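Those protein sequence lines, which keep their order, are chains F and Y. Each number in our numbering corresponds to the 1-based position in the first sequence with 21 added. Each number in our numbering corresponds to the 1-based position in the second sequence with 21 added.
There are 2 protein chains.
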Amino acid sequence: MANSSTSLPHTDLRIRRTRRLLTQALVDMTAERPLETITIRMLTDRAQVGYATFYRHYASIEDLLRGIVDDLYINLAELLPSLAGAQPERAATLVFHQVREHPGHYRLLLHADRSLGLLDKVVEMGTQALLAAYEARPDSRVPLDVTVDHCIRSFLNLIAWWLSHDMPYAPERMGQIFLDLVLHPMEAMALRPRISLD
Amino acid sequence: MANSSTSLPHTDLRIRRTRRLLTQALVDMTAERPLETITIRMLTDRAQVGYATFYRHYASIEDLLRGIVDDLYINLAELLPSLAGAQPERAATLVFHQVREHPGHYRLLLHADRSLGLLDKVVEMGTQALLAAYEARPDSRVPLDVTVDHCIRSFLNLIAWWLSHDMPYAPERMGQIFLDLVLHPMEAMALRPRISLD
DNA sequence: ATCTTATGATACTCTATAAATCATAAAGTT
DNA sequence: AACTTTATGATTTATAGAGTATCATAAGAT
């Protein structure tokens with residue numbers, strides 16, 4: 022108990038209700054104030070559940086956060102191979118669509134403290150996807166690892182900028198911006214697509 | 022009292038000694054463990070000063086952090102105009118040299134929590150410098166504000182990557198990488214230098 | 001209808017923050 | 001060198017929040 026990684030589909034309505042309420046409370050509150058200032062008591066008050074109940078599901082606020090963001094990993098894991106693969110134009114746009122559908126959750130991911138390593142996991146996933154689709158140009162002045170890190174973090178930066186400015190452009194436009202500012206320059210300078218064997 | 026913004030050059034040796042010890046202790050400890058896990062007691066023990074003494078100089082660890090990073094702003098403020106100006110090649114390299122001379126301090130700046138707004142201040146400084154030197158291309162598909170944010174945060178990301186990988190390349194090489202991956206693509210896609218009037 | 005268990009309320013321990021006090025020592029001043 | 005000022009160290013106190021334990025109840029599962 023008190024472990025969100027026990028994520029087998031729980032049947033008990035009470036459990037699902039409590040977790041849903043606490044999740045929603047955290048998403049709501051992080052839109053209003055910094056994460057570090059949020060106490061367990063605030064969360065349980067907002068979610069209308071008992072204080073001790075929190076600890077029956079999560080070991081800490083960070084644990085709750087982890088559980089929430091884990092859901093995003095699943096979505097991203099499906100998109101990233103195509104993002105780095107044959108049609109990056111479409112895939113980048115798809116991610117921005119995902120963000121627009123769950124802005125609170127992505128805000129959580131992007132604003133989470135570095136020490137939780139939530140972003141690092143995304144970077145790791147993106148790295149694997151990129152390396153599967155691209156290889157270093159033999160003549161490149163830019164090392165492969167720097168380039169990959171730059172590409173993924175710039176993508177995340179674009180999402181963060183878009184969210185913090187209330188998503189002023191369409192997902193398609195943001196996808197195009199990513200291609201113009203990051204991906205195409207990267208292809209020109211450092212990486213080339215691997216030869217696909219299909 | 023208890024305010025680091027009282028940064029007029031203090032003459033009292035005891036004051037300067039205490040602040041130096043506490044500063045060094047924080048820099049040292051953040052290299053070993055996440056900032057949030059560091060307590061006042063740990064800091065004062067490491068710095069070999071009394072516990073209450075901390076509060077005679079700083080209101081909180083965040084306040085101490087702010088004081089440390091303020092010094093970096095001064096250095097950066099001198100470099101940024103030239104970074105965005107006539108010779109970005111040299112200036113980018115200069116910043117990497119600065120980082121190599123004070124890795125602990127820059128680590129502090131880059132790893133500090135978002136809620137402190139320390140990085141935001143750097144982004145703001147960089148934005149002003151960039152806008153002073155560049156203007157939007159009339160035909161650009163990429164909006165000006167996104168571009169500027171991307172440029173500056175990518176620069177900071179490069180520094181962060183370099184630090185976290187123990188600075189494997191020379192500052193000159195990192196400056197070149199910044200030009201290849203970020204600045205030149207940006208100039209090609211979105212911005213052009215303002216006409217200088219000298 | 002019965003069994004099972006998640007919940008709410010409460011009390012308690014522990015840790016860390018933050019402020020206050022006072023004798024001492026170390027700095028600055030003449 | 002003698003004097004004055006004040007920063008420091010040690011200690012105490014109050015407060016807030018994390019995290020654990022207990023028990024009667026209510027709500028869901030079967």
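Note that CB positions come from ideal geometry on N, CA and C, so glycine has one too. Remember, predicted model here, so these are calculated numbers, not experimental data.
Identify whether residue i lies in helix, strand or coil by the three-state DSSP scheme.
| i | result |
| --- | --- |
| residue 155 of chain F | strand |
| residue 213 of chain Y | strand |
| residue 54 of chain F | coil |
| residue 146 of chain F | helix |
| residue 189 of chain Y | coil |
| residue 125 of chain F | helix |
| residue 162 of chain Y | coil |
| residue 98 of chain Y | helix |
| residue 132 of chain F | helix |
| residue 30 of chain F | coil |
| residue 138 of chain Y | coil |
| residue 71 of chain F | coil |
| residue 207 of chain Y | helix |
At which residues does the alpha helix (DSSP H) containing residue i begin and terminate?
| i | result |
| --- | --- |
| residue 122 of chain F | 109-122 |
| residue 197 of chain Y | 192-199 |
| residue 66 of chain F | 61-68 |
| residue 50 of chain F | 34-51 |
| residue 167 of chain Y | 165-185 |
| residue 79 of chain F | Element bounds for residue 79 of chain F: n/a, residue is neither H nor E. |
Below 9 Å on C-beta distance, what does residue i contact in chain Y?
| i | result |
| --- | --- |
| residue 57 of chain F | 57, 134, 136 |
Here's a check: name, in chain order, each residue in its chain whose Cβ is nearer than 7 Å to the Cβ of residue i, leaving out the five neighbours to either side.
| i | result |
| --- | --- |
| residue 96 of chain Y | 119 |
| residue 74 of chain F | 39, 65 |
| residue 132 of chain F | 51, 56 |
| residue 115 of chain F | 100 |
| residue 207 of chain Y | 168, 172 |
| residue 124 of chain F | 184 |
Given 7 Å as the limit, tell me if residue i has its C-beta closer than that to any heavy atom belonging to the ligand HEM.
| i | result |
| --- | --- |
| residue 208 of chain Y | Looking at this structure, you won't find the ligand HEM or any other ligand, since it has none at all. |
Among residues of its own chain, excluding the 5 on either side of residue i, which ones have a beta-carbon nearer than 8 Å to its beta-carbon?
| i | result |
| --- | --- |
| residue 190 of chain F | 183, 198 |
| residue 82 of chain F | 47, 56, 59, 61, 64 |
| residue 121 of chain Y | 188, 192 |
| residue 140 of chain F | 130, 131, 133, 177 |
| residue 113 of chain Y | 104, 176, 195, 196, 199, 200, 204 |
| residue 142 of chain Y | 94 |
| residue 126 of chain Y | 48, 89, 90, 92, 93 |
Starting from the C-beta of residue i, find all residues in its chain whose C-beta is less than 6 Å away, skip the five residues before and the five after it, and write them out in chain order.
| i | result |
| --- | --- |
| residue 169 of chain Y | 148, 151 |
| residue 68 of chain F | 42, 43, 46 |
| residue 175 of chain F | 203 |
| residue 157 of chain Y | 165 |
Chain-ordered residues of the stretch 162-183 of chain F with a beta carbon less than 9 Å from chain Y: The residues in question are 162, 163, 164, 166, 167, 168, 170, 171, 172, 174, 175, 178, 179, 181, 182, 183.
The stretch 194-214 of chain F: positions lying closer than 9 Å to chain Y by Cβ: Of all residues in the stretch 194-214 of chain F, 194, 195, 197, 198, 201, 202, 203, 205, 206, 207, 209, 210, 211 have a Cβ within less than 9 Å of some Cβ in chain Y.
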